[in-house]
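> Once you've had a glance at the structure underneath, I'll fire off some questions.
In my numbering, the protein residues as written are 30 to 234.
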């Protein structure tokens, strides 16, 4: 049992170290040597758990989907207007992208390596599916306006999430010069502003 616990901790450390490296330099530039050094394990120990860098990347993607999917499932179980729950999901995902390096790395890897169309490892499919199901619920409970197509509505929400994260990391506020919106905003503040713009078209005033 002690050996299994130690093995589990080592595997977890490797996944977190790999996430940090993938997040910083991307998949191609990441090396197993740097990852093993950051995790403070030998390359032999790394190879015992992960035979190749691709295996380690897939483990990062899987954990990112598990972490984010668990939180989305908790939101989906709540009572209340479906549209409001979808908005809360969006805020949760943006917050995760800001604070959880494994989730952030998992989504970056989705863009950089060939990823199966499987929500268990493809975070964007996982998230889009959750948003779609929640907005279908919103159409049923009346919190989504009649006539709104659920698929593009879910795609729009997904675009707000990924766009918010991308703009925050590129210091988009510099493009606004001396406008009132040029001050540094958090990702969630930026998302709130954008949802305020699209809410009337999706859910009414």
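For every residue, glycine included, the Cβ atom is placed at its ideal position computed from N, Cα and C. Just so it is clear, the structure is predicted and the values come from calculations on it, not from any experiment.
(1) Compute the beta-carbon to beta-carbon distance between residue 191 and residue 132, rounded to the nearest angstrom, for a pair I have assumed lies under 8 Å.
(2) Under the rule that 16 or more other beta-carbon atoms within 10 Å means buried, what is residue 60, buried or exposed?
(3) Would the C-beta of residue 133 count as close to the ligand SAM, meaning under 7 Å from any of its heavy atoms?
(4) Quick check on this structure: which residue in 149, 121, 169 and 127 has the alpha carbon closest to the alpha carbon of residue 92?
(5) Tell me whether the region 97 to 104 and the region 36 to 50 touch, counting them as touching only if at least three CB pairs, one residue from each stretch, are closer than 8 Å.
(6) Rounding to the nearest angstrom, what Cα-Cα distance links residue 117 and residue 160 in this structure?
(7) Tell me which residues share the same chain as residue 107 and place their Cβ nearer than 7 Å to its Cβ, disregarding the 5 neighbours each side in the sequence.
(8) Give the range of the alpha helix (DSSP H) segment to which residue 178 is assigned.
(9) Note the first and the last residue of the continuous alpha helix (DSSP H) segment covering residue 114.
(10) Within 10 Å of its beta-carbon, does residue 38 have 16 or more other beta-carbons around it, so buried, or fewer, so exposed?
(11) Given a threshold of 16 other Cβ atoms within 10 Å of its Cβ, counted over all protein chains shown, does residue 236 qualify as buried or as exposed?
(12) How about residue 153 and residue 136: do their beta carbons lie closer than 8 Å?
(13) Is it true that the CB of residue 183 sits closer than 8 Å to the CB of residue 112?
Let me spell this out:
(1) In fact, because the Cβ distance is near 12 Å, the residues do not count as touching under 8 Å.
(2) exposed
(3) What this structure holds is no ligand at all, so the ligand SAM is not there to describe.
(4) 149
(5) no
(6) 10 Å
(7) 114
(8) Run containing residue 178: none; DSSP gives neither H nor E here.
(9) 111 to 128
(10) exposed
(11) This structure cannot speak to residue 236, because the chain is shown only from 30 to 234.
(12) yes
(13) no
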